[in-house]
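Heads up, the thing below is written out as structure tokens.
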Amino acid sequence: MNKDFHISGVIEARVHPLSDSQLGGMSAATVLRRSSTSNENDVRNRNSRGGMPQGQGQGQPQGQGQVPESPPSSPSQPPDSGTRGCCFCCLAVKSSNTQQERSKDARLSNLQEKDEPPTLEDLKVWGESFEKLMKTTAGRKLFREFLRSEYSEENMLFWLACEELKTENNPELVEEKARLIYEDYISILSPKEVSLDSRVREVINRNMVEPTPHTFDEAQLQIFTLMHRDSYPRFLNSQIYKRLLQQYQST
1 MNKDFHISGV
11 IEARVHPLSD
21 SQLGGMSAAT
31 VLRRSSTSNE
41 NDVRNRNSRG
51 GMPQGQGQGQ
61 PQGQGQVPES
71 PPSSPSQPPD
81 SGTRGCCFCC
91 LAVKSSNTQQ
101 ERSKDARLSN
111 LQEKDEPPTL
121 EDLKVWGESF
131 EKLMKTTAGR
141 KLFREFLRSE
151 YSEENMLFWL
161 ACEELKTENN
171 PELVEEKARL
181 IYEDYISILS
191 PKEVSLDSRV
201 REVINRNMVE
211 PTPHTFDEAQ
221 LQIFTLMHRD
231 SYPRFLNSQI
241 YKRLLQQYQS
251 T
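Take the sequence shown: its position 231, counting from 1, is numbered 231 in full-length UniProt numbering, and each next residue is one higher.
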């Protein structure tokens, strides 16, 4: 094949794509040379026109030269929204009104201290029924003393706070008391956090959107059951209960 025919063939192959019949009449080496020449000419033509945008064509497929401004949000990290409120767990780290906290604790203390001294019959009934113990102020006071010795007094405090919330009718006070209960006994950041399962916590978080006097009903029942099954049997065998029972029996 002479040189002129070779150059003519290359130009013709570059301008006019080869048909299947034409390809069939060429050797593999000829086809590869023409393909290589065509690719080199394409590169020269693009460079002569200014080339492709910076960052494109240098080790990256065309169309992938630009990097997204921000990664897509994952389900566990939803995009920020200006209207989204803070989670309730964060409320625990906000500054609180110390005087208001003291007032709340004082109300709870008064609720337990205004009681008549128990009788021997009361003590016997408390030993037979946890529900009857919890219905009397003197019984709750004695049981709370036992819980304090076991470092689980927060269970009784939470139960009492829920009882107090149920008596509130003012919507603003309901919301404020519900927030304080959440911060004190539900938040994982609180040292007085009570033990609740994940299902009950989800119920509470939904209820806290619009708190009512019954926002913590399921949680209160779960803590009541915990005290009944776990703490109450030990209370009956404790020196706190036995000593008082013996004292009344000897008089």
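All C-beta atoms in this analysis are idealised placements derived from N, C-alpha and C, irrespective of residue type, glycine included.
- For the pair I181 and L165, the CB atoms are nearer than the 9 Å cut-off.
- The continuous alpha helix (DSSP H) containing V203 extends over residues S198 to N207.
- Residue burial annotation: P211 is buried, with at least 16 other C-beta atoms found within 10 angstroms of its C-beta.
- DSSP places I223 within a helical segment (H, G or I) once states are collapsed to three.
- Setting aside the 5 residues that flank it on each side, M208 is surrounded in the same chain by F88, A178, Y182 and T215, each with a C-beta closer than 7 Å to its C-beta; the list follows chain order.
- For K124, the closest C-alpha among the options L133, M156 and P191 is that of L133.
- Comparing C-alpha distances from S195 to each of N169, K135, P213 and F224 shows the shortest one belongs to F224.
- No Cβ-Cβ contact shorter than 9 Å links L245 with G139.
- DSSP places E150 outside both helix and strand once states are collapsed to three, so it counts as coil.
- Contact between L142 and Y248 is ruled out by a C-beta separation of about 12 Å, above the 8 Å threshold.
- When rounded, the separation of the alpha-carbon atoms in L221 and E154 is 14 Å.
- Here R144 is buried: its Cβ has 16 or more other Cβ atoms, across all protein chains shown, within 10 Å.
- Comparing C-alpha distances from I240 to each of F146, F130 and P117 shows the shortest one belongs to F146.
- Here the alpha carbons of H228 and T136 stand approximately 15 Å from one another.
- A distance below 8 Å between beta-carbons, with the five flanking residues on each side excluded, links D217 to the following residues of its chain, in chain order: C162.
- Contact annotation: T251 and P213 have beta-carbon atoms that are not nearer than 9 Å.
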